[in-house]
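Here the structure is laid out as structure tokens; the discussion comes afterwards.
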Amino acid sequence: MLVTAGATEAIAAALIALMEPGDEAIAFEPYYDSYAASVAMAGATRVPVTLRPPDFRPDLGALQAAITPRTRLILLNSPHNPTGVVFTPAELARVAELAVEHDLLVVSDEVYEHMVFDGTHLPIATLPGMAGRTVTISSAAKTFSFTGWKVGWVTGSPEIVTAVRTVKQFLTYVSSGPFQYAIAEALALPDGYYASVAGDLRVKRDFFCTGLADAGFEVYRPAGTYFVTTDVRPLGYDDGMAFCRELPQRAGVVAIPSSVFYDNAEAGRSQVRFAFCKRQEVLAEALARLGRR
Ligand SMILES: Cc1ncc(COP(=O)(O)O)c(C=O)c1O
């Protein structure tokens, strides 16, 4: 195991460690924006496989078709930001099968592992043939709501962790030293803590998704994470970017245009992502303001 400056450094260090210029990394888009930057820093090329509404389920045929002799790894993120999709065991098994068949590594970003409402989280490293080819990444940022502490970690085979450590050595050497003790304590909390994290967020998910639908959004209900992707076309907008630029002034609410999470920005043009990791009264106030059009 290696402790990193958040999952973000873990992703960057893993990609720089494991990829050579000219290699390809396949990632399901929309994706967390550091993926594009980290693949670029590794001198590699990203190959997106698009998740599409309304359910955003991974197209595993498209994943297979995206694999070339240059593919080095699959960058996986389940539960998935920004769509809230949680990959099923069958989907993960197919990803694993393709990785084994084509001798690929999997970098598995599992920062939302404890925020699952429907289905269950299955670490892909536990599937047959995957322990030696998976870099599993998580972080204290989401589970403990300590985003600013930047404590993340990497687990994997000794060879993989050594490779990632070799890069981290020259990125930050060590990070968040004093906080690591606190997070180590937190990780020993009983299961009830983790259940309450998911339970509290499930209530907020239900409340916020219902409210957004009542306010006129098309809502793609997330199975995990604390994000909800919506479509703003029913509100008379076709450009999520324009919608999000207006929203702070119009309603005092901030959302992110999902097009920023796509290579193929057109695919996410009318989508907008909200975060519901807020107090209930803040969510209620946001919904009231969004409803006042
Ligand atoms: C999918 C995903 N991975 C990684 C991170 C970053 O985690 P950290 O704050 O630990 O760097 C985020 C944060 O938004 C995320 O959404």
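Take 89 as the starting number for the sequence shown in the working numbering and just add one per residue. Beta carbons: idealized from backbone N, C-alpha and C, even for Gly. Keep in mind it's a predicted model, so treat the numbers as computed, not measured.
Burial state of T156 (16 or more Cβ within 10 Å): By the 10 Å Cβ count, T156 comes out exposed.
Taking 8 Å as the cut-off, is the C-beta of E97 nearer than that to any heavy atom in ligand 1? yes
Measure the alpha-carbon distance for S126 versus F362 and round it to whole angstroms. Rounded to whole angstroms, S126 to F362 spans 24 Å at the Cα level.
For the region 222-229 and the region 304-323, state whether three or more C-beta atom pairs, one from each stretch, are separated by less than 8 Å. Three or more beta-carbon pairs separated by less than 8 Å are not found between the region 222-229 and the region 304-323, which leaves the two stretches without contact.
Would you list the one or two residues that DSSP bridges to V137? F116
Assigned secondary structure, E201 (DSSP; H/G/I helix, E/B strand, else coil): Looking at E201 - three-state DSSP - the assignment turns out to be coil, as it is neither helix nor strand.
Under 8 Å by Cβ, that's how I've got S196 and P216 pegged, so tell me the actual separation to the nearest angstrom. Going by Cβ atoms, the distance from S196 to P216 rounds to 15 Å, so no, they are not a contact pair.
Output the distance between the C-alpha atoms of L371 and Y123, rounded to the nearest integer angstrom. 29 Å
Endpoints, the alpha helix (DSSP H) within which V174 is located: Per DSSP, V174 belongs to no alpha helix (DSSP H) and is neither H nor E.
What's the gap between the Cα of T298 and the Cα of R380? 16 Å
At the level of alpha carbons, what is the spacing between L259 and R377? 43 Å
How far does the beta strand (DSSP E) with S226 in it reach, from first residue to last? T222 to S227
Burial state of Y200 (16 or more Cβ within 10 Å): buried
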